[in-house]
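Here's the structure, in structure tokens; my notes come after.
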Amino acid sequence: MAVSPGKDYAVANKTTWVFATGVGDATGVITRQYLFIFPHNAIGGSGSRVSESTYTIGGRKPAEAIADLLANPATTPETLDDRLVEWSAQVTGPIMERLSAFPRVRIFKGFIRRSVVLSKKESGMDFGATSIRPKKEELPAFLEFFKDHEHLEIK
């Protein structure tokens, strides 16, 4: 049975992230078990040295590979997790964390502060929270995905 957005996953196709190799664009995917953030590119530097890195999954851009996986009718929630875990091991720099590590979810729906924030703290300020910024049309899948989360805050 094919996976469906809002039920089995939510995706932010172009978000910005700070990776060990630098700052760059990324695709964020939340599944039933994991949070994945796959880098597209990163620009880093120190002093007068600047480096730029471009990432691929099997020779393809991460956003394209992930979109094809999600669109494939043979993809199940289990194979989705398996494939993304496999790709995480092949690519330098992705973020992969168990979703259970984040007891609190905050979703901001505004134009300026539209984001999905996952916190490892149950309450209070969390300056180390993980945040991804979905596009306006991607936000409903995140709202649906987290609608039954015990510690969901929507602002």
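Sequential numbering from 19 applies to the sequence shown in our numbering.
Beta carbons are placed, not taken as given, at the ideal position from N, Cα and C, and that holds for glycine.
A straight line joining the alpha-carbon of Ile113 with that of Ile55 spans about 5 Å. Ala85 sits away from Ile75, with the two beta carbons spaced by 8 Å or more.
The continuous alpha helix (DSSP H) containing Ser106 extends over residues 95 to 108. Under the 10 Å beta carbon count, Val21 is surrounded by 16 or more other beta carbons and is classified as buried. Counting along the chain, Phe145 sits inside no alpha helix (DSSP H), nor does DSSP assign it H or E at all. For Ser118, the three-state secondary structure derived from DSSP is helix. Per DSSP, reduced to three states, the secondary structure at Ala92 is coil, with no helix or strand assignment.
With contacts defined by Cβ atoms closer than 8 Å, Pro80 and Thr110 do not form a contacting pair.
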